[in-house]
Every structure is written in C-alpha cells, then in structure tokens.
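Inspection log for the structure reproduced underneath, given as structure tokens.
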Ligand code: ADP
Ligand code: MG
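In the numbering used here, the protein residues as written are 149 to 376.
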C-alpha cells in the first residue's frame, strides 16, 4: 500500500521580476512527499531549491499551482489558517540556523512548543530530550553565539521537530559546515527523522548525504525530476 501524501505540489509556478525581465524559476513543478519518506533535493545553485522549499513550507505563495499539506489545499486559505498549518505540520531548517540570539539552546527549542500551548515543564523536558538525542544535552544553557556551527545546526534541527510536525523541510542544513561536521550533523538529522517517522525533503549539494535518503530529485528547467 502506498503511504498517504503529506505534501503535494502540483503545477507550481514562480516567477521573479528583475528590472523589466521576468525570471521563470518554477514552471509547473509537481512533487509528492509521502508519510515517513525521506527525499533529497539535489540541484545546482540558482535552480530554485529554496523557492520550492519556501512554497512547500507555506512561507511563500506560488504564482500558479497548488500546495496541499496532509490533503488540505493551502492556496485558498487565509494567512491565519496557513500560519496554523505551518506551525502544526511543518518544521523548517535553514542553512543559517536562525536561532534567537538572546535565548539559550533549550529556550529556543521550547519556544515553538510554548506557542503551541504546552506547559513550560513539558516543553523543557521535550527540549532536553531532543538535545540529548542530538548529543548536545550538556549545551542546553548556552546561547547560540557560544555554540559551534555544528551545535547551532543541531539545535535548529531540534527546534524544527519540537512540535512533532508531519513534514520536515531543510534548506541545505549542512551547507555552511565543514565536511566532517556536515557528515555527523546530517547523520543525526537522518536518525531523528527515521526514529520519529517524519517525512522530510532536504536540499543538499552533498551526494553522499543525499544517498542516505529514500530517493533523490532535482530541479531541471523549472520542473522537479526524479534522479537515479
Ligand atoms: P537555489 O536555492 O537553488 O540556489 P533559489 O530558489 O534561491 O535557488 O533562487 C532561484 C533563482 O531565483 C535565482 O536565480 C535567484 O537569484 C532568484 N531569486 C530568488 N529569490 C528572488 C527574489 N526574491 N527576487 C528576485 N529573484 C529571486
Ligand atoms: Mg537556496
């Protein structure tokens, strides 16, 4: 039996205006991510990986086409409903960690849980578990500036999954790290995704790391194409 689609992009188009030129980045892209599935998005710079991930994560709207999260069509929804789905169903990891600098690692991971209505004690316990899982349990009280790049990304990953989303979207999460650090951060990410049964779409330039995922796709001429 095929697992249900948790993310479905159909006919997604996106253009950017540059002066009086129009740059067509996505030209009717289709992509389906199923429950529990991991997919690597491997494509050269400038082909539209971030654009696709932002549209999938409801951070941007497509110019045409549809985005469904867990079967819910999101294009027609208002901002409030989109924000609700984004908070509940989607975890996002950026290339640069985007942690809140004035809060500790633990507090950064607690934040989305508190917004979702968990108690402080519950949020703290879950945050501590996630930090332990990422093998940085001893760094919880430190602020982002006191952490290494690899530690910062592991905190950002823990924050993205703190509310147990359906879909994890990661935009070159290890692109900013040296190869060795990138390797263990990516492996930690993969283990966490597998253990929690998340579906994940992860943009990466690293073919070895992409090989850890269930399948690989690329963006070619504005469309998503299966690799291998
Ligand atoms: P990737 O993540 O694969 O490197 P992006 O999705 O960031 O690609 O960008 C795809 C193309 O769209 C690039 O040529 C980029 O310059 C352009 N682009 C992205 N965002 C904007 C924007 N807000 N305005 C104009 N052009 C943009
Ligand atoms: Mg990008």
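Glycine is no exception: its CB is placed at the ideal position from the N, C-alpha and C atoms.
None of the values given here were measured: they were computed from a predicted structure.
Can you name the start and end residues of the beta strand (DSSP E) that residue 300 belongs to? Translated into the one-based positions of the chain shown, residue 300 becomes position 152. Run containing residue 300: none in the beta strand (DSSP E); it sits in the alpha helix (DSSP H), 297 to 309.
Tell me the start and end of each unbroken beta strand (DSSP E) in the stretch 173 to 200 that is at least 3 residues and wholly inside, in chain order. 186 to 189
Near the ligand MG: residue 368 beta-carbon under 7 Å from a heavy atom: The residue given as residue 368 occupies position 220 in the chain shown. Result no, Cβ not under 7 Å from the ligand MG.
Beta-carbon contacts of residue 313 that lie in its chain and below 6 Å, excluding the five residues immediately before and after: For the purposes of this step, residue 313 is taken as residue 165 along the chain shown, with counting starting at 1. Hits under 6 Å: 237, 238 and 239.
Cβ of residue 215 within 8 Å of Cβ of residue 204? Locating residue 215 in the chain shown gives position 67, where the first residue counts as 1. Locating residue 204 in the chain shown gives position 56, where the first residue counts as 1. Taking 8 Å as the Cβ cut-off, residue 215 and residue 204 qualify as a contacting pair.
So which of 151, 150, 184 and 176 has the shortest CA-CA distance to residue 315? Within the chain shown, numbered from 1, the residue matching residue 315 stands at position 167. Residue 315 has its Cα closest to that of 184, out of 151, 150, 184 and 176.
List the residues that DSSP assigns as beta-bridge partners of residue 220. Your numbering for residue 220 matches position 72 in the chain shown. Bridge partners of residue 220: 217.
Going straight from the alpha carbon of residue 163 to that of residue 366, what length do you get? Against the chain shown, residue 163 aligns to sequence position 15. Against the chain shown, residue 366 aligns to sequence position 218. Roughly 18 Å separates the two Cα atoms.
Taking only three categories from DSSP, how would you classify residue 159? Here residue 159 corresponds to residue number 11 of the chain shown, with the count starting at 1. Three-state result, residue 159: strand.
With distances taken Cα to Cα, identify the nearest neighbour of residue 375 among 174, 179, 159 and 158. As a working note, residue 375 is residue 227 in the chain shown. The shortest Cα separation from residue 375 among 174, 179, 159 and 158 belongs to 179.
If contacts are defined as beta-carbon pairs under 8 Å, then residue 284 and residue 302 qualify, I think. What distance do you get, rounded to the angstrom? Here residue 284 refers to the residue found at position 136 when the chain shown is read from its first residue. Here residue 302 refers to the residue found at position 154 when the chain shown is read from its first residue. Residue 284 to residue 302, Cβ: 6 Å. Contact.
Near residue 262, which residues of its chain fall below 6 Å by C-beta distance, leaving aside the five closest residues on each side in sequence? Residue 262 sits at position 114 when you count from the first residue of the chain shown. So the list reads 271, once near-sequence residues are dropped.
Where residue 388 and residue 241 are concerned, what is the direct C-alpha to C-alpha distance, given to the nearest angstrom? Because the chain spans 149 through 376 in this model, residue 388 falls outside it and cannot be assessed.
Nearest-angstrom Cα distance between residue 227 and residue 207? Counting from one through the chain shown, the residue named residue 227 turns up at place 79. Counting from one through the chain shown, the residue named residue 207 turns up at place 59. Distance between the alpha carbons of residue 227 and residue 207: 10 Å.
Near the ligand MG: residue 208 beta-carbon under 7 Å from a heavy atom: The count along the chain shown starts at 1 and reaches residue 208 at position 60. Every heavy atom of the ligand MG is 7 Å or more from the Cβ of residue 208, so no.
Could you say which of 159, 151, 355 and 259 lies nearest to residue 218 if we only look at CA atoms? Indexing the chain shown from 1 puts residue 218 at position 70. The shortest C-alpha separation from residue 218 is found at 151.
Starting from the N-terminal end, write out each residue whose C-beta falls within a distance shorter than 5 Å of any non-hydrogen atom of the ligand ADP. 164, 173, 193, 194, 195, 196, 197, 198 and 199
Could you check the C-alpha separation between residue 156 and residue 177 for me, to the nearest Å? Counting from 1 along the chain shown, the entry for residue 156 is found at position 8. Counting from 1 along the chain shown, the entry for residue 177 is found at position 29. Looking at the two C-alpha atoms, the distance is approximately 10 Å.
Assuming residue 161 contacts residue 213 under a Cβ cut-off of 8 Å, what Cβ separation, rounded to an integer in Å, is found between them? On the chain shown, residue 161 is found 13 positions in, with the first residue counted as 1. On the chain shown, residue 213 is found 65 positions in, with the first residue counted as 1. About 5 Å; that satisfies the 8 Å criterion.
Is the beta carbon of residue 371 closer than 8 Å to that of residue 201? Counting from one through the chain shown, the residue named residue 201 turns up at place 53. Counting from one through the chain shown, the residue named residue 371 turns up at place 223. No, the pair does not count as a contact, with Cβ atoms beyond the cut-off.
Using a Cβ-based criterion (distance less than 7 Å to any ligand heavy atom), does residue 319 qualify as near the ligand MG? Walking along the chain shown from the start, residue 319 turns up at place 171. Yes, the Cβ of residue 319 comes within 7 Å of a heavy atom of the ligand MG.
What residues are listed by DSSP as bridge partners for residue 169? Your numbering for residue 169 matches position 21 in the chain shown. For residue 169, which the question treats as bridged, DSSP gives the partners 166.
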